[in-house]
Amino acid sequence: MSKAIQFTMPKTFSANQRIVLMMLSLVVVFFVSLSVGAVEITLKDSVNIFLNEIGLGATEVSDVKTLVFKDIRLPRLLFTILIGAALGVSGAALQGLFRNPLVEPGIIGVSSGAALGAIAVIMGMESIFGSVPEHYKQYLLPPFAFLGGVIATFTTLKLGKYKGKVRVTILILAGVAITALTSAIIGLGIFYSDEQQLRAFTFWTLGDLSVATWTKVYIIVIPVIVTVAGLMYHARSLNALALGESEAYHSGVNVERLKNITILLSALAVGTAVAFAGIIGFLGLVIPHIIRMTISSDHRVVIPGSAIGGALLLILADILARTVVAPAELPIGIITATVGTPFFIYLLTVAKRKNLI
């Protein structure tokens, strides 16, 4: 398998210092995002609302601002951070596992499988049970989407094994096959969908962060923490794998176990993200490369850096989505694809020039 594209840049800051700068940037963008919207909420308002909630505030803030802050913007922002972190770390881990700079989380079929699960809810439930209230459909969508993603991933993993071992090349080809199959089934479903179903599914496949609620934040935080912690635990093994499978094996790394764990953790994170926010492409491709170009290729840095960077980029994309066509809102997937597609073409060009693919 080809080596990852290497970039060298002059380093005026250490890797740890750059991670700290990214975290500070995330904090700044966090508060900027809280202020963006039809209702103006200043930094002072945000601080006062927080102090009022813990019983230390002395300044009153209007009920409208408090409601918008607590029930709309803050859960949406935390939701965005978790989704961005999940996609970022998954991309970093899969690129490290495959030792391929062009790998993106959708390569193992999670996104397409989750999309198939979603269309099963949007169309199938109404076909079987008749009219389904939107309120129930909203809560049925995420678990079915997550289930579809998990099934697709396990199928890809099963097909990717040869004589009991996961072969990366076969795994990628299996992912392409599963994606093609699910896309064909989805296309068939769209062909027979009515206007309302088509509109709902189109917006879901382009990504949607406006569905954030505190309940969804509480659910998502668990798999994201498990994924980040699990991948950080195996960061040294991923570093060893960068030298090649045989070198990693002789270094004491259980290569097959590492492949299975990395794939399943990535599937958990991406499947959860797609289940709750729809398909948000290219984030897992762009962010790990930015970290490798500007900070380090050490997975002990790349994985947490990709989590922070994924959250940071998705917040910025969300701000653009909410402001470019205000008071309407662009699907978040359009913004990430606009950024990610040129970057992917650039990576492909560099890889071809360096004979890495």
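Just so you know, we're using the working numbering here: the sequence shown kicks off at 10 and counts up by one.
The beta-carbon is built from N, C-alpha and C at its ideal position, and this holds for glycine as well.
A quick note: this is a predicted structure, and the numbers were derived from the prediction, not measured.
Can Ala278 and Ala95 be called in contact, C-beta distance under 7 Å?
-> In this structure, the beta-carbon distance from Ala278 to Ala95 falls below 7 Å.
Identity of the residues DSSP links to Lys174 by a beta bridge = Under the DSSP definition of a beta bridge, Lys174 partners with Tyr171.
Bounding residues of the alpha helix (DSSP H) (the contiguous stretch that carries His259) | Looking at the DSSP string, the run of the alpha helix (DSSP H) that includes His259 is Glu254 to His259.
Exposed unless 16 or more other CB atoms sit within 10 angstroms - verdict on Asp72 = By the Cβ-count criterion, Asp72 is exposed, with fewer than 16 other Cβ atoms from all chains shown falling within 10 Å of its own Cβ.
Residue closest to Leu250, alpha-carbon to alpha-carbon, out of Ser275, Ser315 and Asp307 = Checked all of Ser275, Ser315 and Asp307; the closest Cα to Leu250 is Asp307.
8 Å contact criterion, which Ser42 and Ile343 should meet: CB distance rounded | 18 Å between Cβ atoms; not a contact.
Report whether the distance from the Cβ of Ser42 to the nearest heavy atom of the ligand GTP is below 6 Å.
-> Among the ligands in the structure shown, none appear at all, so the ligand GTP cannot be discussed.
Residues in its own chain within less than 6 Å of Leu180 by CB, not counting five upstream and five downstream?
-> Excluding positions up to five away in sequence, the list reads Gly169.
Whole alpha helix (DSSP H) runs in the segment 71-141 with 4 or more residues, listed along the chain?
-> Counting only runs of 4 or more, we get 72-77, 83-107, 119-128 and 134-138.
Within 10 angstroms of the Cβ of Trp213, are there 16 or more other Cβ atoms? Answer buried if so, exposed if not.
-> With 16 or more neighbouring CB atoms inside 10 Å of its own CB, Trp213 falls in the buried class.
Between the segment 265-284 and the segment 157-176, do at least 3 Cβ pairs fall closer than 8 Å?
-> Flag = yes, the segment 265-284 and the segment 157-176 touch.
Express the C-alpha separation of Leu294 and Phe352 in angstroms, rounding to a whole number.
-> Answer to the nearest angstrom: the Cα atoms are 9 Å apart.
Would you mind sorting Leu339 into buried or exposed? The rule is 16 or more other CB atoms within 10 Å of its CB.
-> The Cβ neighbour count for Leu339, taken over all protein chains shown within 10 Å, is at least 16; the residue is labelled buried.
From what residue to what residue does the alpha helix (DSSP H) around His298 run?
-> For His298, the enclosing alpha helix (DSSP H) has its first and last residue at Leu292 to Thr303.
Under three-state DSSP, which class holds Tyr355?
-> If DSSP states are grouped into helix, strand and coil, Tyr355 belongs with the helices.
Around the Cβ of Ala335, are there at least 16 other Cβ atoms within 10 angstroms (buried) or fewer (exposed)?
-> With fewer than 16 other beta carbons inside 10 angstroms of its own, Ala335 counts as exposed.
Same chain only: Cβ atoms within 6 Å of Ile312, ignoring 5 sequence neighbours per side = Close CB contacts of Ile312 within its chain, under the 6 Å cut and outside five residues either way in sequence, are with Val98, Ala101, Leu240, Met241 and Ala244 (chain order).
Around the Cβ of Thr17, are there at least 16 other Cβ atoms within 10 angstroms (buried) or fewer (exposed)?
-> Note that Thr17 scores 43 on pLDDT, short of 50, meaning its location in the model is unreliable and no value can be drawn from it.
When the Cα of Val37 is compared with those of Ile63, Thr303, Thr51 and Val119, which residue comes out closest?
-> The candidate whose alpha carbon is nearest that of Val37 is Thr51.
What number of angstroms, rounded off, separates the C-alpha of Val119 from the C-alpha of Leu247?
-> Each residue's alpha carbon lies about 21 Å from the other.
Exposed or buried, Asp54, counting other C-beta atoms within 10 Å across all chains shown (16 or more means buried)?
-> Buried, because 16 or more other Cβ atoms sit within 10 Å of the Cβ of Asp54.
Please determine, among Lys172, Gly126 and Tyr171, the residue with the shortest C-alpha to C-alpha distance to Leu150.
-> Out of Lys172, Gly126 and Tyr171, Gly126 has the C-alpha closest to the C-alpha of Leu150.
Nearest to Ile228 by alpha carbon, out of Glu265, Val262, Leu207 and Thr281?
-> Among Glu265, Val262, Leu207 and Thr281, the Cα nearest to that of Ile228 belongs to Thr281.
Secondary structure at Thr51, three-state DSSP: helix, strand or coil?
-> The three-state secondary structure of Thr51, taken from DSSP, is coil.
Residue burial classification, Val29 (beta-carbon count within 10 angstroms, cutoff 16) = With fewer than 16 other Cβ atoms within 10 Å, it is exposed.
On the three-state DSSP scale, how would you describe Glu338?
-> Looking at Glu338 - three-state DSSP - the assignment turns out to be coil, as it is neither helix nor strand.
Do you know how far the Cα of Ile131 is from the Cα of Ala209?
-> Their backbone Cα atoms lie some 8 Å apart in a straight line.
When the Cα atoms are used, what is the spatial distance from Gln15 to Arg301?
-> Only weak support exists for where Gln15 lies, its pLDDT of 45 falling under 50; the value from the coordinates is given anyway. Distance between the alpha carbons of Gln15 and Arg301 is about 8 Å.
Compute the Euclidean distance between the alpha carbons of Gln206 and Thr303, then round it to the nearest angstrom.
-> Computed Cα separation, rounded: 43 Å.
Is the Cβ-Cβ distance between Ala124 and Ile195 less than 7 Å?
-> In contact: Ala124 and Ile195 (Cβ atoms closer than 7 Å).
Just the Cα atoms here: how many angstroms apart are Leu35 and Pro84?
-> When rounded, the distance between both Cα atoms is 16 Å.
Cα separation between Ala129 and Ile199?
-> About 11 Å.
Indicate the three-state DSSP secondary structure (helix, strand or coil) for Val45 in the structure shown.
-> Coil, per DSSP.
Could you give the distance in angstroms between the alpha-carbon of Phe107 and the alpha-carbon of Ala47?
-> The alpha-carbon atoms of Phe107 and Ala47 are separated by roughly 44 Å.
CB of Gly318 within 7 Å of CB of Ile296, strictly | Annotated as proximal: Gly318 and Ile296, with beta-carbon spacing under 7 Å.
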